[in-house]
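Student: Once you've had a glance at the structure underneath, I'll fire off some questions.
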Amino acid sequence: MSGWHAELPVAARVRELEERLIAAGLVTDAELDDILTSVYASASPANGARMVARAWTDPAYRERLLADGNAAAAELGFTGLHYLLKAVENTAGVHNVIVCTLCSCYPTSLLGPSPSWYKSFAYRARVVREPRAVLAEFGLRLPEQTEIRVWDANSQTRYVVLPVAPEQRAGLDEDALAAMVSRNGLIGTALR
Amino acid sequence: MARFAPGDRVRTRAADPDGHTRLPRYARGHVGEVLELRATWALPDETVRGNHRPEPVYAVRFGAGELWGTGTHAVILDLWESYLEDE
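Line by line, the protein sequences give chains A and B.
Per our numbering, the first sequence runs over residues 1 to 192.
Per our numbering, the second sequence runs over residues 1001 to 1087.
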């Protein structure tokens, strides 16, 4: 997780909001706990990595993933996505990167809780304006001729990046390939 | 019936709306290209007013030069039909 922040003013506001919602009968403590437990137990970038590894090893799955992200996720057991999932593919000439400029929408169940930087004003304002510079700050320097596509997500449409497969993958099974895929690779701030 | 099709050039509304909107400031008053129809969803500007108004939502692509005057990248975002005009 990104650090201990229970004492920040925003944490107090969140608790106040929770208490108001519970008092209004809109949700219960137990329901909130169940949601959090489920998210922490199952939400992980390992899920997105599995989808990528499957796409790298099975061309038909790759086609299905690009055509219908929700169905492709469900094939691997990741069901119940309450948004449209779009997979965007990196190639030799194209690099994709994801942001939510208006808030911080993110495919949590497939990538785990979002990193603090993804939620920051700086990332959300700058990556649509100067993605090449922002990616360089993450250590990713792309050739000038690489086309960069910045996808601005929202609550209804969320994205996962399909990184370029490694050249040498003979003898690597799906688990080994999935281990090569990082959370930042799925967001687009790393090559893989 | 969706008004726009993939490949259509569209211009986003420029005005600063009175109330909630999901047309970000950076994308207002600019020309882009429709990539695809996403789905039909309720227009948020009206939802917050208590009106349920479903309409087509499009993935629209804008060039960096158009948005920022510089750059070679593209930005793609979802835009409700009400945010768009023919170009």
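Don't be surprised by glycine CBs; every beta carbon is placed ideally from N, CA and C.
Values in this document were obtained by computation on a predicted structure and should not be read as measured data.
So, with DSSP's three-state summary, where would you put Asp-1016(B)?
Tutor: Residue state, collapsed to three classes: coil.
Student: Give me the Cα-Cα distance between Ala-24(A) and Asn-47(A), rounded to the nearest whole angstrom.
Tutor: So the alpha carbons of these two residues sit roughly 36 Å apart.
Student: So if I threshold CB-CB distances at 8 Å, which residues from the region 94-113 of chain A count as touching chain B?
Tutor: Listed by position, the residues of the region 94-113 of chain A near chain B (Cβ gap below 8 Å) are Thr-101 and Leu-102.
Student: Starting from Trp-1080(B), find everything on chain A with Cβ-Cβ shorter than 9 Å and list it in chain order.
Tutor: None at all; the shortest Cβ gap to chain A is about 10 Å.
Student: So, helix, strand or coil for Thr-28(A), using DSSP?
Tutor: Note: Thr-28(A) maps to coil in three-state DSSP.
Student: Should Tyr-1083(B) be flagged as near chain A, meaning a C-beta pair shorter than 8 Å?
Tutor: No, no contact with chain A.
Student: So, Glu-1085(B) versus Arg-1011(B), is the Cβ gap smaller than 8 Å?
Tutor: Yes. Within cutoff.
Student: Between the alpha carbons of Leu-17(A) and Arg-1009(B), how many angstroms are there, rounded?
Tutor: Computed Cα separation, rounded: 43 Å.
Student: Would you mind sorting Thr-37(A) into buried or exposed? The rule is 16 or more other CB atoms within 10 Å of its CB.
Tutor: Thr-37(A) comes out exposed.
Student: Can you tell me which of Arg-1049(B), Ala-1042(B) and Trp-1080(B) puts its alpha carbon nearest to the alpha carbon of Val-1057(B)?
Tutor: Ranking Arg-1049(B), Ala-1042(B) and Trp-1080(B) by Cα distance to Val-1057(B) puts Trp-1080(B) first.
Student: Can you confirm whether Val-1075(B), when its beta carbon is compared against all beta carbons of chain A, has any partner nearer than 8 Å?
Tutor: True, the Cβ-Cβ gap to chain A drops below 8 Å.
Student: For Ala-1039(B) and chain A, any beta-carbon pair shorter than 8 Å?
Tutor: With 8 Å as the cut-off, Ala-1039(B) counts as an interface residue toward chain A.
Student: Per the DSSP calculation, Glu-16(A) is bridged to which residue(s)?
Tutor: According to DSSP, Glu-16(A) bridges with nothing at all.
Student: Count Cβ pairs between the region 60-67 of chain A and the region 114-131 of chain A that sit closer than 8 Å; are there 3 or more?
Tutor: Judged by Cβ distances under 8 Å, the region 60-67 of chain A makes no contact with the region 114-131 of chain A, as fewer than three pairs qualify.
Student: Using the C-alpha atoms, what's the distance from Ala-133(A) back to Arg-158(A)?
Tutor: C-alpha separation (whole angstroms): 23 Å.
Student: Which residues in chain A sit within 8 Å of Pro-1024(B), going by Cβ to Cβ distance?
Tutor: By Cβ distance, chain A contributes Thr-101, Leu-102 and Asp-152.
Student: Which of the three DSSP states is assigned to Arg-64(A) in this structure?
Tutor: Three-state DSSP puts Arg-64(A) in a helix.
Student: On the CB-based measure, 16 or more other CB atoms within 10 Å of its CB, does Arg-8(A) come out buried or exposed?
Tutor: According to the sequence displayed, residue 8(A) carries Leu and not Arg. Answer is exposed; the Cβ neighbour count stays below 16.
Student: Counting only Cβ pairs nearer than 8 Å, list the residues of chain B close to Gln-156(A).
Tutor: Those within 8 Å of Gln-156(A) in chain B are Arg-1038, Ala-1039, Trp-1041, Val-1057 and Asp-1078.
Student: Determine, for Pro-143(A), whether the minimum Cβ-Cβ distance to residues of chain B falls below 8 Å.
Tutor: Chain B contact via Cβ: absent.
Student: Measure the C-alpha to C-alpha separation of Val-150(A) and Tyr-106(A) and round it to an integer number of angstroms.
Tutor: In a straight line, the C-alpha of Val-150(A) is about 14 Å away from that of Tyr-106(A).
Student: Does Met-1(A) get closer than 8 Å to chain B when you measure Cβ to Cβ?
Tutor: Here the model assigns Met-1(A) a pLDDT of 45, short of 50, so the residue's position is not dependable, and the following value carries that caveat. Chain B contact via Cβ: absent.
Student: Tell me which same chain residues have a C-beta within less than 7 Å of the C-beta of Trp-1041(B), skipping the five on either side of it?
Tutor: Taken in chain order, the residues that qualify are Pro-1054 and Val-1057.
Student: Rounded C-beta distance between Leu-142(A) and Ile-148(A)? I'm assuming under 8 Å.
Tutor: At roughly 7 Å, the Cβ-Cβ gap stays under 8 Å, so Leu-142(A) and Ile-148(A) are in contact.
Student: Does Pro-45(A) pass the burial test, meaning 16 or more other C-beta atoms within 10 Å, or should it be called exposed?
Tutor: It counts as buried.
Student: Pull the bridge partners of Gly-1063(B) from the DSSP assignment, please.
Tutor: According to DSSP, Gly-1063(B) bridges with Ala-1074(B).
Student: According to DSSP, simplified to helix, strand and coil, what is Arg-1003(B)?
Tutor: Coil at Arg-1003(B), not helix or strand.
Student: Cα separation between Glu-1033(B) and Gly-112(A)?
Tutor: If you take the alpha carbons of Glu-1033(B) and Gly-112(A), they lie about 32 Å apart.
Student: Give me the Cα-Cα distance between Gly-1069(B) and Ala-136(A), rounded to the nearest whole angstrom.
Tutor: Cα-Cα distance, rounded: 21 Å.
Student: What do you get for His-1073(B), buried or exposed, if any count of 16 or more other CB atoms within 10 angstroms of its CB means buried?
Tutor: Classification for His-1073(B): buried.
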